[in-house]
Amino acid sequence: MVVFTMRLLKLLPLIMLLGVSAQAQSPTYGVGRTPTAEEIRAWDIAISPTGEELPEGSGTADQGSQLYLEKGCAGCHGTTGAGGLAPRLVKRDVGVLEDPWNYGRILPIRAPYATTVWDFINRAMPLNAEGTLSADEVYSITAYLLYLNDVIEDDLMVLDEESLPKIEMPNRENWAQVPDWFPGQPRLEGYPY
Amino acid sequence: MGSKKSDRREFLKQGAALAGGMTLGAATNSATGQLEGPEAFIQGTDELVGYGKRSRFVTSERIAHGGRPSPDTFGLDFHIAAPLQDSVGVITPSSLHYIGTTRGAYVPDIDPDKHRLMIHGMVDRPLVFTMEELKRLPSVTRLHFIECAGNRANRRHTTVQETHGMTSCAEWTGVLLSTLLEEAGVQEGGDWLVVEGVEEVKGASSIPMTKAMDDCLLCYGMNGEAVRPQQGFPLRLVAPGFEGIFNTKWVRRIKVVDQYYMTYNDFGHLTQDPVNAALGYQIGPKSVITCPSGGQQLPGPGFYEVSGLAWSGGGAVSRVEVSTDGGQTWMDADIRGTAQRMAHTRFSFNWEWDGSECELQSRCTDEIGQLQPSRAQAGEFFNQSGSQPRVRGQDNSIQPWRIESDGSVHNAIA
Chain R
202 MVVFTMRLLK LLPLIMLLGV SAQAQSPTYG VGRTPTAEEI RAWDIAISPT GEELPEGSGT
262 ADQGSQLYLE KGCAGCHGTT GAGGLAPRLV KRDVGVLEDP WNYGRILPIR APYATTVWDF
322 INRAMPLNAE GTLSADEVYS ITAYLLYLND VIEDDLMVLD EESLPKIEMP NRENWAQVPD
382 WFPGQPRLEG YPY
Chain G
1365 MGSKKSDRRE FLKQGAALAG GMTLGAATNS ATGQLEGPEA FIQGTDELVG YGKRSRFVTS
1425 ERIAHGGRPS PDTFGLDFHI AAPLQDSVGV ITPSSLHYIG TTRGAYVPDI DPDKHRLMIH
1485 GMVDRPLVFT MEELKRLPSV TRLHFIECAG NRANRRHTTV QETHGMTSCA EWTGVLLSTL
1545 LEEAGVQEGG DWLVVEGVEE VKGASSIPMT KAMDDCLLCY GMNGEAVRPQ QGFPLRLVAP
1605 GFEGIFNTKW VRRIKVVDQY YMTYNDFGHL TQDPVNAALG YQIGPKSVIT CPSGGQQLPG
1665 PGFYEVSGLA WSGGGAVSRV EVSTDGGQTW MDADIRGTAQ RMAHTRFSFN WEWDGSECEL
1725 QSRCTDEIGQ LQPSRAQAGE FFNQSGSQPR VRGQDNSIQP WRIESDGSVH NAIA
């Protein structure tokens, strides 16, 4: 009983806080309509690093290597992932994996999460036919690009909604977070400029 | 003879007709001694009645950034710079506002009646708005600059359009993002937003909830009319003081999330270095003299108003100083009008040029005390060697202009 009261007292400020914030967040204008779950699913293409929005599907680098040619990726990015008009997709020293920051801005090697690679191919490729790739195709092409960059070693490894977010990209922990932002803050603490 | 007379009669008739249609009042001399009228008139065509046009004598135009096509190997210009050398006041005309795009000249052609904005994710009430519904909500109108992270001067640039043309300032009208987020009810832990556009890459940036709730705007209006397609018609985000890419155009979706999403736009900012990450986020205090500036010509010694623009992502500009001796001594410039938060601010300085070679510079301080540095000062802070080190993060260093004794003005970055 005493324990219960103690717990309640500890929780009380939190409960009050929640009550206040809920009150502050009730709709004021009532303008706009509620989307259906189906609508949200269709619109929601942003993939988080933890991958919860990833659709069901799967693919391998082996399959991706075919799709890379069939879907026209090679036309702009070069048949080997380099040498085309579009940004290069493969690091220079194939077969070696050194400091990923030494390779320039190559998405499938520099990105800290494989989800960023998947997300960008899914939303923005191929040129003039964006959004036409199936989930399986995006998994396959993502796998191929990771394979080309020695991030995954097995061209038959299956990438799917479970395994993709677990890929250990070489930069996974090796990047600088932007500072917490609050109103009126300087750009960099202690920097006068 | 007869035919000649007839020709002459025809000519006079035609001449009268032409004068009537095109050049009324073009008298070459006035018997009464009055001043002459204009040499010509512009006929008020339906086009000009419907939507005005500037004088044919005003030819100021945007250019591909740096005066050359961008490194985009598709050969398209994806960064287009505003002609700041011709700017007056603080508003950049919509037609001259700088542009950053992902794929050159292609921008979405959106029917506003069909456009929808969805807010979803970690909210109590996901919502979809038509443009008409958004316009029913309380609106605000604010001046804000938008500047590209790549607005970095180098010694090869010759004009202020090349050194600084990827910043512009407009009067933006729209709904506060906080209004929409409060309407949807942000849930506990919804610390980030992903704001996404309609264009082919569906550009999306992660934005902190603190910023969204503070002063972000979803804008349908720009300089008194609808936002231009190149600026995100029918709806764009303005994230005041944040680098250009955060100001998502053609906005159709806002997702409230619990973490930094590392979108492709975020990936573009990725760095190993926390200092670079911090300095490549919110724009620093920055100013530039637009007149006289590189490529301009002073006709001779005498009085000139030195005029320029100052701005900061940290808030309002509180002070602008001008140096006429290459940064050795500084004098306060006048701030014209009221300095607005995260907006271009016009400054001026009365100057008597004695005709000798000199170097003009400007620097500003913002309301939170950040000072615009010289390149050397920025370098010294990080113990970088050399007189002209690369400024870390977004470049907000002082721009020097050298006036030669013949009155020509040159970029003085060494």
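So the sequence lines, in the order shown, correspond to chains R and G. According to the working numbering, the first sequence is numbered sequentially starting from 202. According to the working numbering, the second sequence is numbered sequentially starting from 1365. Glycine included, each C-beta is placed from N, C-alpha and C at the ideal position. Computed from a predicted structure; not experimentally measured.
Worksheet item: Just the Cα atoms here: how many angstroms apart are residue 1631/G and residue 256/R?
Response: Residue numbering aside, residue 1631/G sits at position 267 when the second sequence is read from its first letter. Residue numbering aside, residue 256/R sits at position 55 when the first sequence is read from its first letter. Rounded to the nearest angstrom, the two C-alpha atoms are 22 Å apart.
- request: Kindly say whether residue 246/R, judged by its beta-carbon, lies nearer than 8 Å to any beta-carbon of chain G.
  value: One-based indexing of the first sequence puts residue 246/R at position 45. True, the Cβ-Cβ gap to chain G drops below 8 Å.
As assigned by DSSP and simplified to three states, the class of residue 1587/G: Along the second sequence, one-based indexing puts residue 1587/G at 223. Residue state, collapsed to three classes: coil.
- request: Please determine, among 1494/G, 1512/G and 1685/G, the residue with the shortest C-alpha to C-alpha distance to residue 234/R.
  value: Your numbering for residue 234/R matches position 33 in the first sequence. Residue 1494/G is the option with its Cα nearest to residue 234/R.
Next on the checklist: I want to see whether chain G comes within less than 8 Å of residue 334/R, judged by CB atoms only; does it?
Outcome noted: Position 133 of the first sequence, counted from the start, is the residue given in the question as residue 334/R. Chain G contact via Cβ: absent.
Beta-carbon proximity of residue 1528/G to residue 1763/G, cut-off 8 Å:
One-based indexing of the second sequence puts residue 1528/G at position 164. One-based indexing of the second sequence puts residue 1763/G at position 399. Result yes, Cβ atoms of residue 1528/G and residue 1763/G sit closer than 8 Å.
inquiry  = Using C-beta distances below 8 Å, list every residue in its chain close to residue 1385/G, excluding the 5 sequence neighbours before and after it, in chain order.
reply    = Stepping through the second sequence from its first residue, residue 1385/G is reached at position 21. The predicted position of residue 1385/G is uncertain, since its pLDDT is 45 and thus under 50; a value taken from the coordinates is nonetheless stated next. Closer than 8 Å at the Cβ level, and outside the excluded window around residue 1385/G, lie 1407.
**Item:** Nonlocal neighbours in the same chain, by C-beta distance under 7 Å from residue 263/R, ignoring five residues either side
**Value:** Reading the first sequence from its first residue, position 62 is the one you call residue 263/R. Closer than 7 Å at the Cβ level, and outside the excluded window around residue 263/R, lie 356 and 357.
Could you check where the alpha helix (DSSP H) with residue 1577/G kicks off and where it finishes? If you number the second sequence from 1, residue 1577/G lands on position 213. Start and end: 1573 to 1578.
With a Cβ-Cβ cutoff of 8 Å, do residue 1596/G and residue 1613/G count as a contact? Residue numbering aside, residue 1596/G sits at position 232 when the second sequence is read from its first letter. Residue numbering aside, residue 1613/G sits at position 249 when the second sequence is read from its first letter. Taking 8 Å as the Cβ cut-off, residue 1596/G and residue 1613/G qualify as a contacting pair.
DSSP three-state assignment for residue 1696/G, whether helix, strand or coil = Here residue 1696/G is taken as the residue at index 332 of the second sequence, counted from 1. Here residue 1696/G sits in strand by DSSP.
How is residue 1632/G classed by DSSP in three states: helix, strand or coil?
Stepping through the second sequence from its first residue, residue 1632/G is reached at position 268. Residue state, collapsed to three classes: helix.
Open item on the list: Rounded to whole angstroms, what is the Cα-Cα separation between residue 1723/G and residue 1717/G?
Closed with: In the second sequence, residue 1723/G corresponds to position 359, counting from 1. In the second sequence, residue 1717/G corresponds to position 353, counting from 1. Approximately 11 Å between the Cα atoms of the pair.
Taking a contact to mean a Cβ-Cβ separation below 8 Å, would you say residue 1429/G touches residue 1530/G in this structure? The residue you call residue 1429/G lines up with position 65 of the second sequence. The residue you call residue 1530/G lines up with position 166 of the second sequence. Contact: yes.
Q: Quick one: using the 10 Å Cβ neighbour count with 16 as the cut-off for buried, is residue 280/R buried or exposed?
A: Translated into the one-based positions of the first sequence, residue 280/R becomes position 79. Exposed, because fewer than 16 other Cβ atoms sit within 10 Å of the Cβ of residue 280/R.
- request: Anything in the stretch 1742 to 1757 of chain G with a Cβ closer than 8 Å to a Cβ of chain R? List those residues in chain order, please.
  value: 1742, 1745 and 1757
Legend entry - DSSP-derived helix/strand/coil call for residue 1530/G: The residue you call residue 1530/G lines up with position 166 of the second sequence. In this structure, residue 1530/G counts as coil in the three-state DSSP scheme.
Practice item. For the stretch 1560 to 1586 of chain G, enumerate the residues whose C-beta is nearer than 7 Å to any C-beta of chain R, in chain order. Key: 1560, 1564, 1565, 1566, 1568, 1572, 1574, 1575 and 1578
**Asked** How far does the alpha helix (DSSP H) with residue 1495/G in it reach, from first residue to last?
**Response** As a first step, residue 1495/G is located in the second sequence; it is residue number 131 there, counting from the start. Counting along the chain, the alpha helix (DSSP H) containing residue 1495/G begins and ends at 1495 to 1500.
List the residues of chain R whose Cβ lies closer than 7 Å to the Cβ of residue 1737/G, in chain order.
Position 373 of the second sequence holds residue 1737/G. Residues of chain R passing the Cβ test: 394.
Measuring CB atoms only, is the stretch 1634 to 1648 of chain G touching the stretch 365 to 384 of chain R, in the sense that at least three cross pairs come out at less than 8 Å?
yes
Chain-ordered chain R contacts of residue 1623/G [CB-CB under 9 Å]
As a position in the second sequence, residue 1623/G is number 259, starting the count at 1. In chain order: 249, 250 and 251.
**Message:** Does chain R have any CB closer than 8 Å to the CB of residue 1425/G?
**Reply:** To locate residue 1425/G, count along the second sequence from 1; it is residue 61. It does not; no Cβ of chain R falls within 8 Å.
- If we ignore side chains and look at the alpha-carbon of each, how far apart do residue 1636/G and residue 302/R end up? On the second sequence, position 272 is the one that residue 1636/G refers to. On the first sequence, position 101 is the one that residue 302/R refers to. Taking the straight line from one Cα to the other gives about 8 Å.
Open item on the list: Classify residue 1746/G: buried if its beta carbon has 16 or more other beta carbons within 10 angstroms, exposed otherwise.
Closed with: As a working note, residue 1746/G is residue 382 in the second sequence. Classification for residue 1746/G: exposed.
| query | Cα separation between residue 1622/G and residue 1568/G? | reply | On the second sequence, position 258 is the one that residue 1622/G refers to. On the second sequence, position 204 is the one that residue 1568/G refers to. Distance between the alpha carbons of residue 1622/G and residue 1568/G is about 16 Å.
- [ ] Answer with buried or exposed for residue 1586/G, where buried requires no fewer than 16 other C-beta atoms within 10 angstroms of its C-beta.
- [x] As a working mapping, residue 1586/G is identified with position 222 in the second sequence. Flag for residue 1586/G reads buried.
Discussion item. Quick check on DSSP: helix, strand or coil for residue 1546/G?
Written reply: Against the second sequence, residue 1546/G aligns to sequence position 182. Helix at residue 1546/G.
>> Determine whether the beta carbon atoms of residue 1498/G and residue 1536/G lie at a separation below 8 Å.
In response: Residue 1498/G sits at position 134 when you count from the first residue of the second sequence. Residue 1536/G sits at position 172 when you count from the first residue of the second sequence. Going by C-beta atoms, residue 1498/G is not nearer than 8 Å to residue 1536/G.
Check: Got a sec: which bits of the stretch 375 to 389 of chain R sit with their beta carbon under 9 Å from any beta carbon on chain G, in order along the chain?
Finding: 375, 376, 377, 378, 379, 380, 381, 382, 383, 384, 385, 386, 387, 388 and 389
Neighbour flag for residue 1764/G against chain R, beta carbons, 8 Å: Along the second sequence, one-based indexing puts residue 1764/G at 400. No, residue 1764/G does not count as interfacial toward chain R.
query: I think residue 254/R touches residue 248/R, with their Cβ atoms under 8 Å apart; what is that distance to the nearest whole Å?
result: For this step, residue 254/R is matched to residue 53 along the first sequence. For this step, residue 248/R is matched to residue 47 along the first sequence. Going by Cβ atoms, the distance from residue 254/R to residue 248/R rounds to 5 Å, so yes, they are a contact pair.
- Item | Alpha-carbon spacing of residue 1645/G relative to residue 1401/G, whole angstroms | Working through the second sequence from its first residue, we reach residue 1645/G at position 281. Working through the second sequence from its first residue, we reach residue 1401/G at position 37. Rounded to the nearest angstrom, the two C-alpha atoms are 54 Å apart.
Cβ-based burial, residue 1505/G [other Cβ within 10 Å; buried from 16]: Residue 1505/G sits at position 141 when you count from the first residue of the second sequence. Label assigned to residue 1505/G: exposed.
Beta-carbon proximity of residue 359/R to residue 343/R, cut-off 8 Å:
For the purposes of this step, residue 359/R is taken as the residue at position 158 of the first sequence. For the purposes of this step, residue 343/R is taken as the residue at position 142 of the first sequence. Result no, Cβ atoms of residue 359/R and residue 343/R do not sit closer than 8 Å.
Q | The alpha helix (DSSP H) enclosing residue 337/R, as first and last residue numbers | A | For the purposes of this step, residue 337/R is taken as the residue at position 136 of the first sequence. It spans 336 to 349 - the alpha helix (DSSP H) in which residue 337/R sits, taken as one unbroken run.
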